[in-house]
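**Student:** First the structure, then my questions, so here it is.
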Amino acid sequence: MSDVQRYLLAVDPDKTKASIIAKGTAEKLESKNTTLIEVVQSLGEYINEEDATIRARTIVYLSEVIGQLSPTFLSRQQIQILCQFLCARIEDGGAVDGLRKLQGLGRFNTEMAVTTFRAMLEHFQDLQIRPQSQRLQILELLNDLMSNHRNGLKGLGDESIVGITDLVSGEKDPRNLMVIFSILKVIMVEWDISGHAETLFDSIFCYFPITFRPPPDDPYGITAQDLKSRLRDCVAASSFFAPYAFPQLIDKLDSTSPNVKKDVLQTITACASSYSLTTVSNYSVTLWESIKFEILNVQEEDLAEEALTSLQAIAIRLSRGLDSTDPKTPLARYLRPIMKECNEQLHEPQQKQAKPAGQILSALGIASPVAFYLIVKTVVPPLNTLYQDADSIGKQRALLEVLVQLLDSAVAVYGTPSIPAPTTTTENALEPFKDRLFELSSQALMSTAADEVSFRVVALKALLRLCVLRKYLQDNEIGMAVQYFDEIVLVEDPSGKDDLKKEAIRALVEISRIKPNLIMDITFPAFMSKLPDFSLAENQDYLITLEGLAQLSVEKFVSDTLIRRLLHRLDVVLQNDGSSAYPRAILSTLHYVLSQRDLPHDSNLGSYHEKIVVGLISRVVLASTGEAPTTALNEEATLEILGRLATMIVRALEDHKQNSVAIQVYSLFADEGTFTPVPFRKDTPKLQRSTMILSTALMAGVGRSVALQYTDSDNASIQRLLAELVRLALIEDVPAIRQAILRQIGLLTNKFLPSQETRDVTDYLRNIVSGLLGTATMTENAVRVVFWEAKGLILRLAHTDDVLERLLCLLSSPGCGLVSARGFSLLLAPDEVLCKENGASIRLLANQKVFNICVPRIAKEFRTAETSIKPNYLIALSGILKHMPTKVVMPEVDTLLPLLLQSVDLEDSNVKAATIQTLAVISQESPKAVEGHMGSLVTRLLKSASNSKATTASVRHNALRCLRIFPGRVKDSTLLSYRNAVTRGLLVALDDPKRQVRKEAVECRAAWFNMDEPQSD
Amino acid sequence: MSEILNANPTIRNASDLPSRRRQDTTQSLSKTPKGLFASTVPASAYLPDPFSPHSLDSDLSEDDDNEIEPIDEQEIYDLISPISDPEHPLTLGSLSVVNLPDIHLTPTFPEKGAASPLTTLTVLITPTITHCSLATVIGLGVRVRLEQALPPRFRVDVRIKEGTHSTAEQVNRQLGDKERVAAALENGTLVGVLRKMLEGCESGAA
Amino acid sequence: MPSPSSSPKISLLSTLSPPSSSRAWLTAPHPALPLLATCSSDKSVRIYSLTSFTLLSSITGGHKRSIRTCAWKPNLKGESVLATGSFDASVGIWRKYDTDDLNPKPVITPVDFDARDENIDEYEDEEWRFAIVLDGHESEVKSVAWSAGGNLLATCSRDKSVWIWEEVGEDDYETIAVLQEHEGDVKCVAWHPEEELLASASYDDDVRLWREDVDDWGCVGVLRGHKSTVWSVSWEEVTPKVYGEAEGKEDGENWMKRREASGPRLLSCSDDMSIRVWRRNPKEQVQQSRLSIIRNGSSEEDWVEEARLPVAHSRPIYSVAWSKTGRVVSTGGDGAIVVYEERWRQASAEPTSKSVVAQPNENGKGESSGSGPMDGVGTDEEPTQELGGQEEKPAEGERYQQATEWLVVAQFEGAHDVFEINHVAWAPRRDKGGGSAAGQEELIITTGDDGVVKVWTLDV
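Protein chains in written order, with our numbering: chain L, 52 to 1068; chain D, 3 to 208; chain U, 93 to 552.
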């Protein structure tokens, strides 16, 4: 039985088995056991069967054999024979596939390509009657011929053009169209299509505009955008199309559908960028006439954008290779009517069409230096005169805004000292107007009425652009502008002018990047001279100066000078005993400036350590013992800022320096005689106890492996220190100092305590707790100590179960149940001192662990607890959830929701606010979870949104924001039945005493109103 | 839009429109500095002490809770100024269709003065051109926005300003007829137009 | 006879529960049974009991938009028929057999949100059967009314037309008239208490009267005077009721005789915040005193504005109702309920000016025993010389007119808190055992934007 017979028998059920047979034949051929002639002859009887499937399968067999052969096996004649054989039977299935394989072979020459091509034309008169997959195969064969045997087809000239356009006409399927467009593009670009421009154009433009919408589960992933851009490439492929393309595109511009308009504009842009210069020039003015409507009468912002891009594309095309500013060039002829129309629009600067005119001019200005030159020449003089005789500030501002747009184009064309400018020979057209523009914008900024803020902001923007434009203003002129900006920031009274001041500072910062010397010479002295030597409490003008200075010190050497000067000023201030707010502001400035620096690699780190950490801290210690003239630095708030500053610097120190700091944590760089460290001392005065804030800062700054003071080698001493700190914390009533001590307890247990000692600390903790439960007179401080120590242990996941167990049983104790419940929100709350940056060990799983242990326990005990204790569980729960990542919370939503809903009814407004925020997060994350409880959720939120003594403004605000989440997220069918009740219930919130709450109520109600109701009519 | 009735109206710059921002006081340097330097202090520093329950935790409740901020003309203006004109992507505020001086709040029962339980809100609209057929739709948009945003104790009267519109009387009659307004709100196409006009009022906050 | 000095007091008897959760437009008291039908913008009609003041059943699913109006068919036994008019431009006719026990089914405890009020209707509403829909109007239907005999149904709509339907068979109605003289949205239709005479009030400021003349319905009278939309009209009962002692016997009798001749009067309330009383001039008088080209002789009726009720509302007046007891109640946008009485003018009041124009002015000067802070100020508009239509009657008729005066006798502000009130009606009191001492006591039923229906007593 011949291979073909076996193949025919096998192919039906099992294609792979058949392929193996074909492969076998190929091997026989290559091993010369059989010859091509024999194989072809063996097909004999089957190839002429009337049953088309048999014929098809035989040919498929043949093409599979060809496919299996090595590319160089077949000789030219053999390929020739096979090619003719297959061309004769091209209509039978498999033949096209065979030819595709053949044409891929090296010896397949152009002549064969031509025969194949002609066979295709002859047999496939009307491609559309064939199924899509077959059509695609044929097109792919054509595509292969185009890519491998292009000259062959090209040689046929008109025959190939006409042939192909007929072959592909009438196609609808997107996959086929993608192939057709790429084939046609090649022809349009490489063939001489002058004789057939119209037919070719029509063959593709009939598909314009593409309104294809891919089926939802589209396997082939062809989007409308793919088709549109391929079609666009064809339309823009040859200038010959221009006479047909532009008129038809312009005509389609009046379509009512924005998508069609957008497509048209993008196609015009493509054509303008690729057609020849003369073609584009011929149509440039007509295109302007039809496109301008989209910009001047803007309906949709994005359409106006597209139209601007088209106009710009034309200008860019006409500017290519042009550097003569002669008025007769195509570019000049194109720009003339545009500039005329824009100038006319600018006569009514406050009308709607003035702004778009400015946009057109600036978009075209960016096209090329020549375009910019022509525009400036024609537009700036009349703009200037219009500005002169404008009779209102409103008109002048509109004109100034156009000037700013033009200056933006100038910056784009000529760059700034830091932005490289394109190489161009055309000189900057703005050169002759330099003085006038400088004078105009300066006057507008400085001599207009002070409260014309929005006008002066525009003037300031114009002046800034003049300053930054490369090689335009001299240094002295920029210096004058800098003085104006300084005056606005420093001299003008601040009320209602924060916009202008912000813009002025922003301008100074930008200038400091290109001309730092000007800032150093002019702005710095001006700012520094404004800083008073001491300041009374209520006068805070220095703040704007300090903020300005902080923002200005972008460059390193500028901020070095600033730090030096600030420290000097601080010394002066501390001489005379003014309010503590001013030194605090200076410290805040230092903190801001240093936080922008890369301290570890900062050369002055050492001096900062000396001057700030050691210097200021010892000054504080001196003051605390009564030796220094002023205790301005000793106020808690100031100590906290100094502490942050110290922590930041100490963190950056290398180890040996940190060691020297570590052993001074409590002695605070003071020598023995003058100051004894606070720990292990009885009834220390408050002023000295407040230095603990600095000790905490240092303890936070040093590394975890560094040995602390009072912690000599044997491990007992940490626990001894810990016990002492607990004692101090229990009796401390000044909140800031108590917080500092508690943080030290946290740092010790979390950062410094060796892991083997955590067991003892946990037991120690258990004793405190049992002590608490026993004694009736439980102090709040004791609970704080317990929870800070627990926080330290939990964050490093040390004996978490045991620790949490202790805390949970506190909840049910009548004495300290409520305070403990509130403590739970401390456990996972982010802390400024006990954080990763300060070397604390914050384990990622801590959140999850706390959640897994506490939530089930709270849910269970809540059910059985008596009513008076129930709130404690809900408060604890809301505290845990407050800082819990949503991905931890979501899986447990069903158990949580009933509890959360009841928590909303609690009196405590903090718990109410926290619970509502958690509900909002849950509703946003998974609306389905809350759908089941919509009824009670809506009732409670409406109640919490209405003003009463139990609902603070923030509770009402959160409730409204939560209510607003549902429309659009929860399915309408559920919400519609509550709509009336909600819109009615919100009436109270609309009358809320707080404007902020009312605003939220209005938006919430609108959201519920606008839920799209099933249209009844 | 077959042909735009008023292609080139005068536009007021956004910053010229009356706003409440101008009147608020300068920044007070409370313990929590709000200015530039606040950015360097981590938020956790301002977390309230969890143990003492009545510590206030959000800026909203910083000023005392029971100080009442009355609904005034500026608030009404802020409600309707962002409504967009059906013809232009521009707001009624920037087109000067609604203006602060044309908004009046008066007690519905004059003899009761401030104690009057009801307040009459009169809003006068200035159409951009005198024969603008869209005046009714704009008026309806303003009325619907106010009825949805104000508590029921307000009686909303939206009128065309004297002498600014050829058929002001009929338009005012329609805008004043509560029953026709209610019926209009059940007509699908009109609701679509109104929704588009009111989209601008969403502050975009999710 | 209530002595004029003790002024009646309006007090809340009950709030029907559960209220609708959106605006309620109108409540129609059942002619015979202690039932109320309230139509609401949530596209439903709620049937409340006047004995238990709770919801008995609901009619839902009939209309695609708000139901603006409804009316019970009079003179029926054993079955109730309700006509509903909706913004969806259609009129529905609903039927229900009267179940003997009128006390309500055990209604679920006060509605908790989770058991939404919808499911109350499920097991109730199969009793209300949807009989037929009357399509014809091109836009929102504003009012429907059954003629006194019950065989004619009048409907009106924003399409400026008034339709009259006749029931020609079981659930089979025929349009016998489409009346289109109004130049604007027709707001309300009301039938004469006995004759087949229809009054309609409209957005074009006019009230029109319609009669069947030979076999063709036509407009027989135009009552002009209002300055803005006329929201509602209400007919006086056949037998008038005037309070206080008739001053001179002879004056009172003359007034009564003339009133018999002219028949029941008509009341209209309007957006112009005025309530006006209209009286018909009997035809024979017309022929003697006026030479006018009367189109087809007999059908033209001549109505004149007899009086204006004292101004008591500061916002549009949406609804007014003339009770069997002769008292009138009005309500509107200012949320107030005001009750008026017509009293014999007392001799002591100084004679009113004998102005040629029989301008009925309020009792301004007369002592006003009304309890509310009635300012009784004269009409705020200048004496109007009506254009066209009504020329004022010559002096000889004017002495009778002075015989009575209208006074505000009771007032209640903020009846529905800050919400507007859309409708007011009188209804006989049925919740107490026997009829009360003063004969059939009447209740005031108000329907408001808050979706609530309230029942008030007028303690005389």
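Don't be surprised by glycine CBs; every beta carbon is placed ideally from N, CA and C.
With U:V330 and U:M365 assumed to form a contact (beta carbons below 8 Å), what rounded beta-carbon distance in angstroms separates them?
**Tutor:** Contact doesn't hold; Cβ gap of about 29 Å is too wide.
**Student:** Which of helix, strand or coil does DSSP assign to L:H1008?
**Tutor:** Helix, per DSSP.
**Student:** Could you tell me if U:E262 is buried or exposed, where buried requires 16 or more neighbouring beta carbons within 10 angstroms of its beta carbon?
**Tutor:** With fewer than 16 other Cβ atoms within 10 Å, it is exposed.
**Student:** If you draw a straight line from the alpha carbon of U:R187 to that of U:V325, how long is it in whole angstroms?
**Tutor:** Going by the C-alpha atoms only, they are around 27 Å apart.
**Student:** Under 8 Å, do L:E543 and L:A501 count as touching if we go by C-beta distance?
**Tutor:** Contact flag set, yes.
**Student:** For U:N373, does the three-state DSSP call read helix, strand or coil?
**Tutor:** Note: U:N373 maps to strand in three-state DSSP.
**Student:** Does any residue of chain D have a CB that is nearer than 8 Å to the CB of L:A1057?
**Tutor:** Closer than 8 Å: yes.
**Student:** Using a Cβ-Cβ cut-off of 6 Å (strictly less than) and excluding sequence neighbours within five positions of U:P332, which residues of its own chain qualify?
**Tutor:** Excluding positions up to five away in sequence, the list reads R351.
**Student:** May I ask which residues mark the beginning and end of the beta strand (DSSP E) holding L:V430?
**Tutor:** First-last for L:V430: 420–439, but that is the alpha helix (DSSP H), not the beta strand (DSSP E).
**Student:** Which residues share a DSSP beta bridge with U:W117?
**Tutor:** According to DSSP, which records beta bridges pairwise, U:W117 is partnered with nothing at all.
**Student:** Kindly indicate which residue of U:R300, U:G506, U:D363, U:S239 has the alpha-carbon position closest to the one of U:E392.
**Tutor:** The candidate whose alpha carbon is nearest that of U:E392 is U:R300.
**Student:** What does L:W839 pair with, by DSSP beta-bridge criteria?
**Tutor:** According to DSSP, L:W839 bridges with nothing at all.
**Student:** Can you give the beta carbon distance from L:S995 to L:V1006, rounded, assuming they're within the 8 Å contact cut?
**Tutor:** Indeed, because the Cβ distance is near 6 Å, the residues count as touching under 8 Å.
**Student:** Can you pull the chain U neighbours of L:R1035, defined as C-beta to C-beta under 7 Å?
**Tutor:** Under the 7 Å cutoff, chain U gives S113.
**Student:** Determine the direct distance from the alpha carbon of U:V173 to that of U:L535, and round the result to whole angstroms.
**Tutor:** For U:L535 and U:V173, the distance between alpha carbons rounds to 23 Å.
**Student:** Quick one: which residues of the segment 166–187 of chain U get their C-beta closer than 7 Å to a C-beta of chain D? List them in chain order.
**Tutor:** Under the 7 Å Cβ criterion, the segment 166–187 of chain U contributes F179.
**Student:** If you measure from the beta carbon of L:A1032 to each beta carbon in chain U, is any gap under 8 Å?
**Tutor:** Answer yes: the Cβ-Cβ gap between L:A1032 and chain U drops below 8 Å somewhere.
**Student:** Can you tell me whether DSSP reads D:G202 as helix, strand or coil?
**Tutor:** Reduced to three states, the DSSP call for D:G202 is coil.
**Student:** Could you have a look at L:S654 and say whether DSSP puts it in helix, strand or coil?
**Tutor:** L:S654: coil per DSSP, three-state reduction.
**Student:** If you drop the 5 nearest sequence neighbours on each side, which residues of the same chain put their C-beta closer than 7 Å to that of L:S370?
**Tutor:** Closer than 7 Å at the Cβ level, and outside the excluded window around L:S370, lie L382, A418, S419, V421, A422.
**Student:** Which ranges does the beta strand (DSSP E) cover as unbroken runs of at least 3 residues, wholly within the segment 857–900 of chain L, from first to last along the chain?
**Tutor:** DSSP runs (the beta strand (DSSP E)) wholly in the segment 857–900 of chain L: none.
**Student:** Between U:D541 and chain L, is any beta-carbon pair separated by less than 8 Å?
**Tutor:** Output row for U:D541: interface = no.
**Student:** Could you confirm whether any beta carbon from chain D is found closer than 8 Å to the beta carbon of U:V510?
**Tutor:** Output row for U:V510: interface = yes.
**Student:** Could you have a look at U:F222 and say whether DSSP puts it in helix, strand or coil?
**Tutor:** Strand, per DSSP.
**Student:** Going residue by residue through the segment 925–1010 of chain L, where are the continuous beta strand (DSSP E) segments of at least 3 residues, counting only ones entirely within it?
**Tutor:** With a minimum length of 3 residues, no continuous beta strand (DSSP E) run stays inside the segment 925–1010 of chain L.
**Student:** Would you list, in chain order, the members of the segment 164–189 of chain D that have their beta-carbon closer than 8 Å to a beta-carbon of chain U?
**Tutor:** Those would be R175, G178, D179, K180, E181, R182, A184, A185, E188, in chain order.
**Student:** I'd like to know if U:D264 contacts chain D, where contact means its C-beta is closer than 8 Å to some C-beta of that chain.
**Tutor:** Not an interface residue.
**Student:** For D:P20, which residues from the same chain have a beta carbon less than 7 Å from its beta carbon, with the 5 sequence-adjacent residues on both sides left out?
**Tutor:** Closer than 7 Å at the Cβ level, and outside the excluded window around D:P20, lie Q76, Y79, L102.
**Student:** Please list the residues of the segment 785–808 of chain L that have a C-beta atom closer than 9 Å to any C-beta atom in chain D, keeping them in chain order.
**Tutor:** Against chain D - using a Cβ distance shorter than 9 Å - the residues of the segment 785–808 of chain L are P786, Q790.
**Student:** Would you check if the segment 967–984 of chain L and the segment 926–941 of chain L touch, i.e. whether three or more CB-CB distances between them fall below 8 Å?
**Tutor:** Yes: the two stretches touch, three or more of their Cβ pairs being nearer than 8 Å.
**Student:** Give every residue of the same chain whose Cβ lies closer than 6 Å to the Cβ of U:S411, excluding the five residues on either side of it in the sequence, and list them in chain order.
**Tutor:** Result list for U:S411: S324, T423, H515, V516, in chain order.
**Student:** Three or more C-beta pairs closer than 8 Å, one from the segment 195–205 of chain D and one from the segment 130–148 of chain D: is that the case here?
**Tutor:** Contact holds: three or more Cβ-Cβ distances are below 8 Å.
**Student:** Cβ of L:I700 within 8 Å of Cβ of L:Y659?
**Tutor:** Yes, the pair counts as a contact, with Cβ atoms nearer than the cut-off.
**Student:** What distance in whole Å lies between the Cβ atoms of L:G157 and L:P122, which are believed to be in contact at a cut-off of 8 Å?
**Tutor:** That pair is a contact at about 6 Å.
**Student:** Considering only DSSP beta bridges, list what D:R157 is partnered with.
**Tutor:** The partner list for D:R157 (beta bridge, DSSP) reads D:T122.
**Student:** Who are the Cβ neighbours of U:W414 in its own chain at under 6 Å, not counting the five residues just before and after it?
**Tutor:** So the list reads S326, E328, L359, V420, once near-sequence residues are dropped.
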